[in-house]
Amino acid sequence: MASLPPALEILVREPDGFTLWSGPPYPPGTTSPTHRIPKTACSATSFSADGARLLATVASASATVYDCRTLAVVRRFELPGLLAAALSPTGAYLQTFQKSSSPQEKNVTVWHVDTAVALYQHYQKSMSKATWPMIQFSADESVGCRMMPNEIQFFDPKDFTKGVLSRIRMPGIAAMQLATAPGSHVAGFVPEAKGVPASVQIFSCNKDAQNQAVARRSFFRCSTVQLHWNKGSTGLLVLAQADVDKTNQSYYGETKLNYLTTDRAFEGIVPLKKDGPVHDVQWSSSGSEFAVVYGFMPAKATIFNKKCNPLLELGEGPYNTIRWNPKGRFIVLAGFGNLPGDMAFWDYSEKKLVAKTKAECSVTSEWSPDGRHFMTATTAPRLQIDNGIKIFDHNGSLQFKKMFERLYQADWKPEAPERFGDIADLTTSLSSLRIEETKKQASAQGSKSAQTSSKAPVSTASKPTAYRPPHAKGSAEVQNKLFGGLAPAGGEMSKNALRNKKRREKQKEKKAAEGSGSPADES
Numbered sequence: 001m002a003s004l005p006p007a008l009e010i011l012v013r014e015p016d017g018f019t020l021w022s023g024p025p026y027p028p029g030t031t032s033p034t035h036r037i038p039k040t041a042c043s044a045t046s047f048s049a050d051g052a053r054l055l056a057t058v059a060s061a062s063a064t065v066y067d068c069r070t071l072a073v074v075r076r077f078e079l080p081g082l083l084a085a086a087l088s089p090t091g092a093y094l095q096t097f098q099k100s101s102s103p104q105e106k107n108v109t110v111w112h113v114d115t116a117v118a119l120y121q122h123y124q125k126s127m128s129k130a131t132w133p134m135i136q137f138s139a140d141e142s143v144g145c146r147m148m149p150n151e152i153q154f155f156d157p158k159d160f161t162k163g164v165l166s167r168i169r170m171p172g173i174a175a176m177q178l179a180t181a182p183g184s185h186v187a188g189f190v191p192e193a194k195g196v197p198a199s200v201q202i203f204s205c206n207k208d209a210q211n212q213a214v215a216r217r218s219f220f221r222c223s224t225v226q227l228h229w230n231k232g233s234t235g236l237l238v239l240a241q242a243d244v245d246k247t248n249q250s251y252y253g254e255t256k257l258n259y260l261t262t263d264r265a266f267e268g269i270v271p272l273k274k275d276g277p278v279h280d281v282q283w284s285s286s287g288s289e290f291a292v293v294y295g296f297m298p299a300k301a302t303i304f305n306k307k308c309n310p311l312l313e314l315g316e317g318p319y320n321t322i323r324w325n326p327k328g329r330f331i332v333l334a335g336f337g338n339l340p341g342d343m344a345f346w347d348y349s350e351k352k353l354v355a356k357t358k359a360e361c362s363v364t365s366e367w368s369p370d371g372r373h374f375m376t377a378t379t380a381p382r383l384q385i386d387n388g389i390k391i392f393d394h395n396g397s398l399q400f401k402k403m404f405e406r407l408y409q410a411d412w413k414p415e416a417p418e419r420f421g422d423i424a425d426l427t428t429s430l431s432s433l434r435i436e437e438t439k440k441q442a443s444a445q446g447s448k449s450a451q452t453s454s455k456a457p458v459s460t461a462s463k464p465t466a467y468r469p470p471h472a473k474g475s476a477e478v479q480n481k482l483f484g485g486l487a488p489a490g491g492e493m494s495k496n497a498l499r500n501k502k503r504r505e506k507q508k509e510k511k512a513a514e515g516s517g518s519p520a521d522e523s
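Heads up: the sequence shown runs through residues 1 to 523, numbered per the UniProt record's numbering.
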């Protein structure tokens with residue numbers, strides 16, 4: 001018998017702590033999924049990218065690392081002034097950031113999780129979502145690098161005692177993104193300054209080939225960028241953003257989507273067919289296609305191949321979000337944030353729209369690792385009311401909903417998509433499990449019914465009753481309450497009902513007689 005895929009799990013964080021839920025599918029009527037761990041106080045959480053190994057939490061000036069399989073504490077680090085902690089992709093290292101009052105206090109530390117030894121430390125004045133974690137690792141942790149003023153520095157993650165192995169000089173560098181699968185290239189961004197255009201450059205991570213950029217793209221009207229590498233590390237999407245739109249077409253500034261390849265086959269702007277901002281972009285799991293949502297509302301959505309040629313148009317609508325499932329088959333187009341929450345589920349393999357639905361006020365959204373379930377969450381502090389979770393099936397049907405007084409985080413526990421079968425295979429396995437469970441329940445119910453029937457007294461057979469439609473039943477109940485009962489379920493009137501009916505008929509006859517006699521008297 002083939003082994004079943006790993007169970008899905010969801011991390012849920014509330015004001016009083018976090019817990020791990022058992023994942024879907026849930027039995028009908030489920031309101032509180034099984035908790036794998038008692039609620040534990042923390043202010044932040046993060047999984048190792050492989051998901052199956054470790055979970056790190058930050059709470060009360062300490063970082064705690066849990067084993068995801070047993071939920072036992074692997075290591076606890078007592079660190080005064082701790083603000084953030086992040087695990088490396090395989091969970092070998094824990095990176096922490098503490099408050100520091102001077103450069104002499106090295107506040108960024110890379111710890112070896114198994115031994116609790118500090119492998120590397122440096123001082124960092126501040127941190128932000130864009131710059132954390134400070135040291136980036138490739139998926140297999142063979143490459144590690146960090147951004148410093150005017151340069152990118154490389155380390156050997158297997159031996160941090162070697163110090164900085166190589167440097168790439170980039171005067172004015174403001175952002176960096178390492179390709180992770182594999183860690184073959186790194187991209188750096190230098191903003192526009194003193195009339196010199198902004199630029200993004202791609203370098204090899206091989207220290208013997210870092211003397212010259214393998215690809216470069218320059219552009220004006222750009223203050224920040226988002227850098228998106230594909231799987232395979234062959235293509236980089238650069239979403240360039242300017243705070244002010246000099247054409248006065250958008251209050252939210254100006255955006256342009258650029259595309260660069262490491263073989264220099266393409267360096268330029270992605271050819272979008274509608275004017276307006278680029279709302280979202282995402283690569284497929286294969287790294288061969290990417291999807292873009294763009295343009296003034298109603299926004300347009302298009303899928304391109306890695307040569308930047310359009311493959312499929314997904315239509316227009318009130319959308320600003322796109323999510324491609326880990327299997328590369330299903331796509332969700334959605335309008336979150338200041339949009340009403342419309343969602344469109346697409347089957348990319350069939351090139352067709354599957355369903356449309358809504359998830360209002362969603363802050364976060366993501367596919368489950370098996371590609372079967374899509375979760376949206378309304379979380380604080382972005383929204384202080386109507387916090388909750390919704391889970392949809394891949395065909396757009398709502399499977400589960402739960403509201404919270406306050407919810408800070410809801411994330412799927414990462415798993416490798418390859419560990420799950422295709423939708424059809426997984427459906428067959430789950431259906432077999434449901435059938436077995438149904439048989440067990442039916443057997444248990446049957447034995448219970450048999451015991452009950454053996455103890456119950458024998459009753460006379462009731463007379464068959466006439467069919468009454470649902471609306472008639474409702475009206476009959478109302479009439480019974482108002483007039484003492486007109487008709488029982490069998491359609492025969494009770495004695496009280498007959499008496500009331502005769503009384504009303506006599507009153508009608510009397511009124512009719514009085515009405516017909518008045519004109520004759522007057523004449």
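Backbone N, C-alpha and C fix where the C-beta goes; we use that ideal spot for every residue, glycine too.
Please classify residue i: does DSSP put it in a helix, a strand, or coil?
i: Arg69; result: coil
i: Ser32; result: coil
i: Asn500; result: helix
i: Pro414; result: coil
i: Glu505; result: helix
i: Val12; result: strand
i: Ile173; result: coil
i: Ile269; result: strand
i: Asp208; result: helix
i: Phe336; result: coil
i: residue 541; result: The chain is shown only over 1 to 523; residue 541 falls outside these bounds and no answer can be derived.
i: Lys358; result: strand
i: Gly17; result: strand
i: Ile37; result: coil
i: residue 575; result: There is simply no residue 575 to check, as the chain begins at 1 and stops at 523 in what is shown.
Taking its Cβ as the centre, do 16 or more other Cβ atoms sit within 10 Å of residue i, making it buried, or is it exposed?
i: Tyr408; result: buried
i: Leu165; result: exposed
i: Arg504; result: exposed
i: Ser138; result: buried
i: Ala416; result: exposed
i: Val293; result: buried
i: Ser368; result: buried
i: Phe400; result: buried
i: Arg53; result: buried
i: Val238; result: buried
i: Pro27; result: exposed
Which two residues bound the contiguous beta strand (DSSP E) that contains residue i?
i: Trp324; result: 321-324
i: Ser142; result: From DSSP, Ser142 is part of no beta strand (DSSP E); its letter is neither H nor E.
i: Thr261; result: 254-261
i: Ser365; result: 364-367
i: Thr234; result: Careful: Thr234 lies outside any beta strand (DSSP E) and carries neither H nor E.
i: Leu243; result: Reading the sequence as shown, one finds Asp at residue 243 and not Leu. Segment: none, Asp243 is in no beta strand (DSSP E) and carries neither H nor E.
i: Tyr294; result: 289-294
i: Asp280; result: 278-283
i: Asn305; result: 299-305
i: Ile385; result: Per DSSP, Ile385 belongs to no beta strand (DSSP E) and is neither H nor E.
i: Leu119; result: 117-122
Tell me the DSSP bridge mates of residue i?
i: His373; result: Asp393
i: Phe155; result: Gly144
i: Arg221; result: DSSP, once it has assigned bridges, lists no residue as partnering Arg221.
i: Ser199; result: Val190, Ser218
i: Arg75; result: Val65
i: Thr90; result: DSSP output for Thr90 lists no bridge partner at all.
i: Arg167; result: Gln153
i: Val58; result: Ala44, Ala63
i: Met343; result: Ala334, Thr357
i: Arg22; result: For clarity, residue 22 is Ser in the given sequence; the question names Arg instead. Paired residue(s): Glu9.
Give me the residue from the options with the minimum Cα distance to residue i.
i: Met403; options: Ile423, Thr376, Asn395, Gly396; result: Thr376
i: Arg167; options: Pro191, Lys502, Ser204; result: Ser204
i: Ser218; options: Lys231, Pro277, Gly91, Phe189; result: Phe189
i: Ile173; options: Phe154, Asp156, Ser199; result: Ser199
i: Lys413; options: His373, Glu141, Gln241, Ser32; result: His373
i: Arg329; options: Thr321, Leu82, Val143, Lys351; result: Lys351
i: Leu71; options: Tyr93, Pro25, Ser102, Phe18; result: Phe18
i: Lys158; options: Met170, Ala84, Lys99, His112; result: His112
i: Leu119; options: Lys125, Met127, Ser128, Thr96; result: Thr96
i: Gly268; options: Ser32, Tyr259, Gly163, Gly276; result: Tyr259
i: Ala187; options: Asp386, Asp156, Asn230; result: Asn230
i: Leu178; options: Pro310, Ile391, Gln136, Ser223; result: Gln136
i: Pro80; options: Ser100, Cys361, Ser223; result: Ser100
i: Ala130; options: Thr224, Phe220, Cys42, Glu141; result: Thr224
When every heavy atom of the ligand HEM is checked, does at least one fall within less than 7 Å of the C-beta of residue i?
i: Glu405; result: Because no ligand of any kind appears in the structure shown, any question about the ligand HEM cannot be addressed here.
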